[in-house]
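In full-length UniProt numbering, the protein residues as written are 1 to 269.
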């Protein structure tokens, strides 16, 4: 069911899938290679070395430009590609908005906020590991929730997606966006999917997006769909390669290191 895409607050800080620190590192590498090329060519008269660093500099500069384009596309205040991806997930959440939903791997809370504003009567829990390698934090989520006017309806907790600190059948809905493949505490990523479904109430709705179409990570997802149906799930649906759905993701972003082989698993327990 397609819903009208919500607009999030421009005052909120939801970060970017291409973090600032990566752009800084690439910029630093470009600068170092440019300086080395100049020194080898003009100062030390080492032309072979200058050719090597010069070519590397061009390659790194091209990659930096590519990453900058991706960053602009992902930016919630510019290209808003991630907003479109989040909306695709929400559109496939078959829920009436009554009760509490869990956002697994909430990051800066962008998906949490989109769900909270889509379902104004729902309460929420946003959970994330918030490791040092990610430019997100619990305090950032809480501030964003205040700016979106939904802070009174939920909370944020630190946790491990592979071992959720909630009893069986706690939530009325569960969502997650491009998180499971990053969970290092689970060797089999299917176990992370099952852990998410464990805390979902019978009759509750789920909409989970990840690199499900990458068989190296998940094998044949149709097998998992069959298993869940055999276990008594009321509805289980799977859409592979969502990046190709209605031009959801621009072609230049459809790469293995960005979004490639994505899928959505959704339904009712």
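Backbone N, C-alpha and C fix where the C-beta goes; we use that ideal spot for every residue, glycine too. Here the structure is a predicted model, which means the values were calculated and not measured.
Within its own chain, the residues whose Cβ lies closer than 8 Å to the Cβ of residue 88, once the five positions on either side in sequence are excluded, are 209, 242, 245, 248, 264, listed in chain order. Judged by pairs of C-beta atoms under 8 Å, the segment 151-166 does not touch the segment 77-85, as fewer than three such pairs exist. The closest CA to that of residue 95, considering only 219, 205, 255, is found on 205. Look at residue 31 here: in three-state DSSP terms it is helix. Following the DSSP letters along the chain, one finds residue 157 inside the beta strand (DSSP E) bounded by residues 154-158. About 10 Å separates the Cβ atoms of residue 100 and residue 119, ruling out a contact at the 8 Å cut-off. The beta-carbon separation of residue 116 and residue 150, rounded to 4 Å, stays under the 8 Å limit for a contact.
Under a 10 Å Cβ-count criterion, residue 188 is classified as exposed, with fewer than 16 other Cβ atoms of the shown protein chains found around its own Cβ.
Here residue 14 carries a coil assignment [DSSP, helix/strand/coil].
A residue is called buried once 16 or more other Cβ atoms fall within 10 Å of its Cβ, and residue 47, having fewer, is exposed. Beta-bridge partners assigned by DSSP to residue 127: 104, 157.
Under the DSSP assignment, residue 177 falls in the beta strand (DSSP E) whose first and last residues are 171-177. Proximity of the segment 248-259 to the segment 194-205 falls short of the contact definition, fewer than three beta-carbon pairs being nearer than 8 Å. In the displayed model, residue 240 falls within a strand according to three-state DSSP. Sixteen is the threshold: when 16 or more other Cβ atoms of the shown chains lie within 10 Å of the Cβ of residue 259, as they do, the residue is buried.
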